[in-house]
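Student: One line per chain: the protein sequences are A and B, in this order. Per our numbering, the first sequence starts with residue 4, numbered consecutively. Per our numbering, the second sequence starts with residue 16, numbered consecutively. Virtual Cβ for every residue (Gly too), placed ideally from N, Cα, C. Here the structure is a predicted model, which means the values were calculated and not measured. Sending over a structure as structure tokens; questions will come in a sec.
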Amino acid sequence: MARGMSSKLRKIYKTFRFRLTITFSLAFIVLSLLLFAFAYFLLSSSLQANDRTAVTLKLKEYSDEYGSGSIDGLMRKIKTDSGAGSLRYFMVRLADSQNKTVLLQKPAEDVSYDFLQLERIAPKRESWIQLKANGEDDVLDIASARLPDSNLIQVGKGPEQREELLTHFQNNFLEELFVAVLLSIAAGALLSRQALRPVQRLTKALGPIIDTGQVKARVSILSSGDEFEELGVRFNQAFEKIDTLIEGIRASMDNVAHDLRTPMTRLRAVAENALQWNPSPEAYREALSDCLEESEQVLRMLNMLMDISEVETGSVQLRIATVNISDLATQVIDLYRAVAEDRNISLTSNCPPSLIVQGDQARLLQMLANLVDNAIKYTPIAGRVEINASANDSSVLLTICDSGIGIPPEDVHKIWDRSFRGDKSRSQRGLGLGLSLVKAVVMAHGGTIDVTSLQGQGTQFSIRLPLISVDQSRYVKNLSKL
Amino acid sequence: MRILVVEDDKKIASFVQNGLRQAGFAVDHAANGDEGLHLALTVPYDAAVVDVMLPIRDGLSMIEQIRHRKINTPVIILSAKRTVDERVYGLQIGGDDYMIKPFAFSELLARIQGLIRRSTGAAESTRVSAGNLTIDLLKREATLSGKVIDLQPREFSLLEFLMRNAGRIVSKTMILEHIWDYSFDPQTNVVDVLICRLRSKLDKEGVQKIIRTVRGAGYVLKA
């Protein structure tokens, strides 16, 4: 029970909200105390200055009253003042030229001063004498004036009055401070609640998304224009991206399932068919060969899909080395020469021998082969397929153009989709995955790919690859764009 | 000739064993890495077929161990993973060849025979013959009963490859790798096209039906 309690307390203590509140209150208290110290010091010194002015005025008044030796007038004046209570905190002393006390009016307070001491202190002009009380910290501030008959008059005032004021100030302040601390804790709690509300909203919005995997949910955003709005926007962007990726994976899984189902169905049908009847050994042999061919087809498709996802997700590192574009073109032409000759298609390359890029030789070869394969497939007999390369300061431009059937304008943007196959090409062999792989390889190399096509006249694919080395950061950055 | 097969899947193991026995090899089978290692260290084999994913001790560690003990039996690695990195790693630690599952048995057999031929160091002949068809590897020339057949370089390479493996099925994958050094799947079947051209040239010279298609497996040149 006690442990549960303390762990609960520790949990509360660990919350950012609690810490924010405490920090806010502490800062408030420290600032208040500093302010108090400053005000106290200011008040006390201004009160002292006030007292001294009062003492000086009184001294002037009594000196004038005394005039040239009228001690009676002075005594009368003191008596009236004292009666009126205005001498409550004052001391008045008249001494002869030998500094022997003639007349002494003590302050009404019960603090005892040793006034005899004053007979031993020679007064100086314009300077204050400070008489300490017996056994206490109080100090009497005394001003002196020499009268015309060379007698001495002294007026002093104790600190009692201003101490009363200061004590009052102190007590009031402490009371207010107590209230202020309570208020500051409340304000701190409120403030941190306000400040953390967007964070809590984010946490709340994230909860169900993480629990259920529903990446469709979004954080509600207040257009406050502050950092929290930006954080919210960022979170939503991240979800957007995850959502697109998941959609992409889902879509490609659907395509894989669909593409694999077809040969699997044929495989099953052939096997089942062969088992149902009592065919001749030749028919069995035929059926088994069909099965082999279909399973080969399944495998090819699986490999192609794995290739694409490997390049796209970067699960396989590119083996970066220097790659000569011209060699690449020669290799691809060598691979497709027989196929092109069979269809009487002129397959040529025009690449300067010195063009070098940084990349994965095997993947780039695969990319170029896929494009040439594609071009030959869609080019009618006696057509032409060309590989051209040129360079500017920072990149290599590689183009593959054909005199083929072209792509209808409404389909141009769809060719990169994994599932897309132009209607006319449905009868053609191929998996419709080649171009997705081409794009993935180009992107992984930090390049770009464009396609322009005129129906009935031909298609041109333009690939731009950076001449400089493909560093890891760009690799990662471009992968994230896929 | 004795061959060690280390494979934990019973069906694949018996399929490989049966095939190899039919091809005239003696075969020992181990179902896990430790058993395989023990056999490889005690029996002198002419070749070994080792699966990567094995119980107790994986295939790569087994190969590492036998190479560590200076046993140079040629090893073909079988793996379900087809990443380039793994292939490279497998060959680095001492594998001699690498095949990805699913594989065609004919290809496995051809690769085993190739490895044994290389490891026994049989001198490469500069002339290869099949029937009255002869190729001269120095002149890169094919002759039929002394008469030169006009072949393009790739057609010659293909004929050479088929003749060297006369009587054995060679798969399209093997041809692609051997002739063009290309390890992907070209969508148009460039191998079919080249075979077709070679056939028609040989037919024209009167060598009829010497290259046979084995559906779903590859091609074979009649010995």
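(1) With a threshold of 8 Å between beta carbons, is Met-309 (chain A) in contact with chain B?
(2) Mind checking if Phe-14 (chain B) is an interface residue toward chain A, Cβ cutoff 8 Å exclusive?
(3) To which residues of the same chain is Thr-451 (chain A) closer than 8 Å at the C-beta, ignoring the five residues directly before and after it?
(4) DSSP on Phe-464 (chain A), reduced to helix/strand/coil?
(5) Quick check on the burial criterion: 16 or more other C-beta atoms within 10 angstroms. Buried or exposed for Asp-474 (chain A)?
(6) Strictly under 8 Å for the Cβ-Cβ distance: is Arg-212 (chain B) near chain A by that measure?
(7) Is the Cβ of Asp-218 (chain B) closer than 8 Å to any Cβ of chain A?
(8) According to DSSP, simplified to helix, strand and coil, what is Leu-434 (chain A)?
(9) Leaving out five residues before and five after Gln-460 (chain A) in sequence, what residues of the same chain have Cβ atoms less than 8 Å from its Cβ?
(10) Does any C-beta atom of chain B lie closer than 8 Å to the C-beta of Arg-432 (chain A)?
(11) Measuring CA to CA, which of A:Met-78, A:Gly-86, A:Leu-46 and A:Ala-111 is closest to Tyr-92 (chain A)?
(12) What does Ala-125 (chain B) reach in chain A if we use C-beta pairs closer than 8 Å?
(13) Within 8 Å of any Cβ in chain B, is that where the Cβ of Val-342 (chain A) sits?
(14) Does Asn-395 (chain A) have its Cβ less than 8 Å from a Cβ in chain B?
(15) If we ignore side chains and look at the alpha-carbon of each, how far apart do Ser-312 (chain A) and Thr-203 (chain B) end up?
(16) Please state the DSSP three-state secondary structure of Glu-486 (chain A).
(17) Would you call Pro-201 (chain A) buried or exposed, if buried means 16 or more other Cβ atoms sit within 10 Å of its Cβ?
(18) With contact counted as at least three CB pairs below 8 Å, one residue from each stretch, are the region 345-352 of chain A and the region 379-399 of chain A in contact?
(19) Given a cut-off of 8 Å on the beta-carbon distance, is the pair Ser-292 (chain A) and Gly-34 (chain B) in contact?
(20) How big is the Cα-Cα spacing for Val-479 (chain A) and Ala-372 (chain A)?
(21) Does the beta-carbon distance from Leu-213 (chain B) to Ile-226 (chain B) come in below 8 Å?
(22) Taking 8 Å as the CB-CB limit, is Gln-369 (chain A) close to chain B?
(23) What's the gap between the Cα of Arg-432 (chain A) and the Cα of Asp-376 (chain A)?
(24) Could you give the DSSP three-state label for Val-479 (chain A): helix, strand or coil?
(25) When the Cα atoms are used, what is the spatial distance from Trp-201 (chain B) to Pro-211 (chain A)?
(26) In whole angstroms, what is the alpha-carbon distance linking Ser-397 (chain A) and Gly-362 (chain A)?
(27) Pull up the distance between the alpha-carbon of Gly-486 (chain A) and that of Ile-150 (chain B), whole angstroms please.
(28) Can you round the beta-carbon distance between Ala-95 (chain B) and Met-68 (chain B) to whole angstroms, since I take them to be within the 8 Å contact cut?
(29) Starting from the C-beta of Leu-153 (chain B), find all residues in its chain whose C-beta is less than 7 Å away, skip the five residues before and the five after it, and write them out in chain order.
(30) Does the beta carbon of Pro-89 (chain B) come closer than 8 Å to any beta carbon on chain A?
(31) In three-state terms, what does DSSP make of Cys-404 (chain A)?
(32) Write down every uninterrupted run of the beta strand (DSSP E) in the region 132-187 of chain B whose length is 3 residues or greater and which is fully enclosed by it, in chain order.
(33) Using 8 Å for Cβ pairs, my map puts Gly-233 (chain B) next to Ile-184 (chain B). What's the rounded Cβ distance?
(34) For Ser-292 (chain A), which residues in chain B fall below 9 Å Cβ to Cβ?
(35) Can you check whether the CB of Val-222 (chain B) is closer than 8 Å to the CB of Leu-148 (chain B)?
(36) At which residues does the alpha helix (DSSP H) containing Thr-268 (chain A) begin and terminate?
Tutor: The answer reads as follows:
(1) yes
(2) Beyond the ends of chain B as shown, which are 16 and 238, falls residue 14 (chain B); an answer cannot be given.
(3) Val-445, Ile-466 and Arg-467
(4) strand
(5) Reliability fails at Asp-474 (chain A), whose pLDDT of 42 lies under 50, so the model's placement of it is uncertain and the value that follows must be treated cautiously. The residue is exposed, with fewer than 16 neighbouring Cβ atoms inside 10 Å.
(6) yes
(7) no
(8) Confidence is the limiting factor: at Leu-434 (chain A) the pLDDT is only 44, short of 50, which leaves the residue's position unreliable and the question unanswerable from this model.
(9) Ser-406 and Gly-409
(10) Any reading at Arg-432 (chain A) must be qualified, since the residue scores a pLDDT of 39, below 50, and its modelled position is unreliable; the value itself is stated next. It does; some Cβ of chain B falls within 8 Å.
(11) A:Ala-111
(12) Under the 8 Å cutoff, chain A gives no residues; its nearest Cβ is about 17 Å from Ala-125 (chain B).
(13) yes
(14) no
(15) 22 Å
(16) Absent from the model: residue 486 (chain A). The displayed extent of chain A is 4 to 485, so no value can be given.
(17) buried
(18) yes
(19) no
(20) Because the pLDDT at Val-479 (chain A) is just 39, under 50, the model does not fix this residue reliably, and the point stays unresolved.
(21) yes
(22) yes
(23) In this prediction, Arg-432 (chain A) scores a pLDDT of 39, lower than 50, which makes its location untrustworthy; the coordinate-derived value is nonetheless stated afterwards. Whole-angstrom Cα-Cα distance: 11 Å.
(24) Residue placement at Val-479 (chain A) is flagged as unreliable, the pLDDT there being 39, under the threshold of 50; the coordinate-derived value follows with that caveat. Three-state DSSP puts Val-479 (chain A) in a helix.
(25) Here the sequence assigns Pro to residue 201 (chain B), which means Trp is not the residue at that position. In a straight line, the C-alpha of Pro-201 (chain B) is about 46 Å away from that of Pro-211 (chain A).
(26) 15 Å
(27) As displayed, chain A neither begins before 4 nor continues past 485, which places residue 486 (chain A) out of reach and without an answer.
(28) 7 Å
(29) Thr-141
(30) no
(31) strand
(32) 142-145, 148-151, 156-159 and 162-164
(33) 5 Å
(34) Val-229, Arg-230, Gly-231 and Ala-232
(35) yes
(36) 230-279
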